[in-house]
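Residue numbering for the sequence shown follows full-length UniProt numbering, beginning at 1 and increasing consecutively. For every residue, glycine included, the Cβ atom is placed at its ideal position computed from N, Cα and C. None of the values given here were measured: they were computed from a predicted structure. Note sheet for the following structure.
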Amino acid sequence: MLKEMIETMTTYGSLELPDYLKIAGIKMTSRRKADMVKALYDYLSNKENIINIWKCTIPKEKELISEFIRAGGTLEYREIKEIVSKYEINQEKMLFGYSGYGNGIQKYFYSESRANLLFIKGKMPIEIYNILKEMVEPIEVKFLAENLGVDKYLCDEDDSALISIREDFEKELTSIIKLVNSTKLKVTQASQMPNKTAMIKINEALIHKDIFFDQDISEVRIIDNTTRIYGISKLLLESKILQSENGNLILGKMAEEFLTMNTVEKCKEILNAYIFAKDIDELKRIKELKVKAEYYGNYANCRNLILNYLEKVPINKWINIEQLLRYIKKLDRNFLRKEVGTIYTYSDYERYYYPDQNYWEEEAGRFIEVVLMEYLTAIGMVDVLIKQDYTDYDIEYFKVTYFKLTSLGAYILGINKDYKIEEIEDETGIIIQPNYEIMVPGGLMKDVHCINLDKFAEKLSEDTVSIYKISFKSMVMALDNDISIEEVIEYLKDASKNKIPENVLMSLNEWNERSKKIKIRKVTIVETDDKYLLEELKSYKEIKKDIAKELPYAFEINSKNANKVKRNIEKKNHFCILE
């Protein structure tokens with residue numbers, strides 16, 4: 001590549017072959033281009049010459065080139081200007097007048113500087129880049145904590161809020177699981193995410209409510225316009241703790257297993273699901289931009305990179321987000337572009353997607369903020385301070401200003417050995433009493449027992465020991481949840497620490513027999529007002545073979561009133577199954 005780039009140079013004009021040979025100190029007797037190309041190539045392909053050039057660069061050039069190398073071969077114009085502004089410049093010796101260098105760093109070199117030899121027409125050959133990469137001193141990642149008084153900060157900073165969930169994430173997720181288990185929560189057809197009504201109920205279940213500065217949650221139209229609820233919902237769905245089915249949220253295959261885990265295991269389970277999630281796209285959660293990527297890459301690499309930087313953060317100390325963004329930008333600038341390619345931004349005015357329209361902070365930087373704000377806070381790994389901000393077009397969004405790695409988060413990342421995991425007592429089983437009450441003591445299986453009992457028993461109290469009661473009414477609830485009374489009996493036998501009391505078991509068996517006697521179902525009937533004609537029709541072989549079942553004990557009702565009739569039957573202390 002080096003030789004091909006040199007061959008594009010000419011024998012005339014500014015900073016072409018003759019000037020490069022002069023700067024390099026190469027005396028030429030021949031004016032043939034081929035000879036000049038060979039001489040310059042021989043010089044620049046010598047590693048020792050490149051090292052000597054590097055040693056001769058002045059501080060301004062060395063800093064520009066170092067940042068250029070660390071950034072993977074690209075710098076934003078404002079970064080270049082920030083570096084150049086530190087130094088006094090002899091304007092007459094600059095390359096401002098030369099074309100072909102765009103906003104690259106070479107235009108800020110002096111015209112006779114040997115640093116020019118490291119670039120060909122404003123671009124650095126890969127051979128030279130690889131040599132200099134070894135020469136550039138690595139940056140030590142060292143975060144400086146700030147002594148931040150949160151209460152004072154929130155008082156002084158308008159439209160700011162704290163998101164600090166920590167170990168409460170466990171209680172919040174358990175509450176949502178129980179809510180889904182006991183309530184029909186609808187999802188939208190397009191996103192398969194909770195609809196507005198479900199969103200409000202989920203927020204009610206949260207210990208730490210979602211953040212809304214200028215409006216109430218009742219005014220929020222879709223879940224996309226939430227912060228905490230959106231992130232939590234995505235995590236529960238990706239973890240298979242919840243799933244959507246037939247327009248409803250239901251418990252997923254991992255729900256019961258999740259409830260038996262301790263705090264650390266729960267955090268690790270969801271974090272792992274999040275890292276490898278295919279249906280979570282932080283880029284599209286940058287609310288102030290309408291963007292699309294060239295292709296969908298492996299976001300797991302991006303998420304893991306951010307976690308790697310968090311491992312270097314002091315525990316339980318407030319860190320300005322700018323520190324994290326600055327280190328990642330300097331050392332891993334292209335972490336997002338490697339996975340998604342070119343990022344296109346939609347122009348509302350021109351109704352078209354244009355590439356490369358934003359600064360790094362507005363795309364990759366905001367991606368990092370979304371990871372912290374919507375997902376890592378949801379599992380208690382970080383605290384964040386956020387601030388309401390607006391674009392030039394008055395679009396509202398939340399920006400992270402400070403973050404803190406929690407003790408739990410540090411333990412999950414393997415850098416906090418002092419974190420104490422709360423021990424959970426072994427399972428003891430439920431206790432069924434002769435008065436039909438069921439006691440559920442604390443233990444590994446408590447929450448699992450509770451979500452099962454919620455389907456067929458009346459909850460009397462919920463505390464360290466939860467108390468339920470079974471009755472005729474609760475058995476009606478079981479049948480409504482498509483749970484047969486036979487299944488209830490089997491569950492109680494398996495889960496009970498003691499034998500089911502005789503009187504309770506007798507009632508259950510009686511209810512089981514009675515539950516099969518009355519059904520309301522949709523059928524297609526052949527009807528006549530002449531019973532002899534009916535018998536005649538039934539006797540015909542051609543008709544008889546299509547008779548599914550004769551109905552000696554039945555009466556017709558309006559199908560619209562099926563539920564009403566069912567409830568009225570149940571009020572008379574009879575079970576009724578609606579098929």
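Own chain residues within Cβ distance below 8 Å of residue i, not counting five before or after
| i | result |
| --- | --- |
| K133 | I69 |
| G100 | With a pLDDT of 45 at G100, under the threshold of 50, the modelled position of this residue cannot be trusted; read the value that follows with caution. Contacts found: K121, G122. |
| P314 | F143, A145, L405 |
| V187 | M193, P194, N195, A198, S244, G247, N248, L249 |
| N301 | F335, K338, E339 |
| V382 | L310, L372, L376, F403, K404, L405, T406, G409 |
| S160 | Y153, L154, L385, I386, K387, Q388, T401 |
| H574 | R514, K517, I518 |
| M5 | I120, K121, K123, P125 |
Whole-angstrom distance between residue j and residue i, CA atom to CA atom
| i | j | result |
| --- | --- | --- |
| L376 | P441 | 32 Å |
| Y468 | K497 | 15 Å |
| I445 | Q189 | Here residue 445 is Met; the residue named in the question, Ile, does not match the sequence. C-alpha separation (whole angstroms): 34 Å. |
| K420 | T260 | 18 Å |
| M135 | Y352 | 43 Å |
| D156 | V384 | 17 Å |
| I126 | G104 | 16 Å |
| I181 | L251 | It is Asn, not Ile, that sits at residue 181 in the sequence shown. Rounded to the nearest angstrom, the two C-alpha atoms are 7 Å apart. |
| V476 | I176 | 24 Å |
| K107 | L324 | 30 Å |
| N49 | K62 | 16 Å |
| E137 | L331 | 12 Å |
| I470 | I569 | 20 Å |
| A71 | R326 | 11 Å |
| T391 | E265 | 40 Å |
| K531 | A562 | 27 Å |
| R228 | I368 | 16 Å |
| T524 | V565 | 19 Å |
| I432 | I489 | 12 Å |
| K253 | E462 | 25 Å |
| T226 | N90 | 53 Å |
| V141 | Y411 | 20 Å |
Alpha helix (DSSP H) segment containing residue i, residue limits
| i | result |
| --- | --- |
| I315 | Unbroken run through I315: none, as it is neither H nor E. |
| T174 | 168 to 182 |
| T197 | 196 to 205 |
| A562 | 562 to 571 |
| V84 | 77 to 84 |
Reference residue i, options the options, closest by Cα
| i | options | result |
| --- | --- | --- |
| E422 | L408, V136, T428 | L408 |
| E458 | G443, V448, I438, V465 | I438 |
| F335 | S471, G365, N147 | G365 |
| E550 | K560, S559, S539, I557 | S539 |
| L2 | K38, L460, K201, I83 | K38 |
| V448 | S474, Y491, Y436 | Y491 |
| W511 | T528, R521, K522, E487 | E487 |
| Y110 | I131, E88, M124, S466 | E88 |
| T183 | I451, E462, I483, L578 | I451 |
| S474 | K493, D454, P501 | D454 |
| R221 | R78, I200, G231 | I200 |
| I395 | G429, K290, I343, S484 | K290 |
| G414 | K312, K81, D168, A34 | K312 |
| D214 | L237, D158, S164, S233 | D158 |
Residue range of the beta strand (DSSP E) that includes residue i
| i | result |
| --- | --- |
| E437 | 437 to 440 |
| A293 | 291 to 293 |
| T345 | 343 to 347 |
| Y43 | First-last for Y43: 33 to 44, but that is the alpha helix (DSSP H), not the beta strand (DSSP E). |
| I321 | I321 -> not in any beta strand (DSSP E); alpha helix (DSSP H) instead, spanning 321 to 332. |
| L242 | 242 to 245 |
| P552 | No beta strand (DSSP E) holds P552; DSSP gives it neither H nor E. |
| D389 | 382 to 390 |
| V370 | Careful: V370 lies outside any beta strand (DSSP E), inside the alpha helix (DSSP H) at 366 to 370. |
Spatial neighbours of residue i in its chain, beta-carbon cut-off 7 Å, leaving aside the 5 residues before and after
| i | result |
| --- | --- |
| R285 | V370, E374 |
| K171 | I207 |
| Y397 | K287, E288, D389 |
| G102 | Unreliable positioning characterises G102 in this predicted model, as indicated by a pLDDT of 46, which lies under 50. A coordinate reading is not provided. |
| N298 | E339 |
| N503 | P434 |
Proximity test, Cβ basis, 8 Å: residue i and chain D
| i | result |
| --- | --- |
| P59 | In the structure shown, chain D does not exist; there is a single protein chain. |
Own chain partners of residue i with C-beta closer than 6 Å, once the 5 adjacent residues on each side are dropped
| i | result |
| --- | --- |
| Y296 | none |
| C56 | R114 |
| A478 | F456, V488 |
Meets three-Cβ-pair contact criterion under 8 Å: the stretch 294 to 306 and the stretch 111 to 129
no
Pairs of beta-carbons, one from the stretch 355 to 373 and one from the stretch 247 to 260, closer than 8 Å: are there three or more?
no
Counting pairs of Cβ atoms below 8 Å between the stretch 308 to 327 and the stretch 142 to 149, do you hit three or more?
yes
Can you confirm whether the stretch 231 to 243 touches the stretch 258 to 274 when touching is taken to mean that 3 or more C-beta pairs between the two stretches lie within less than 8 Å?
yes
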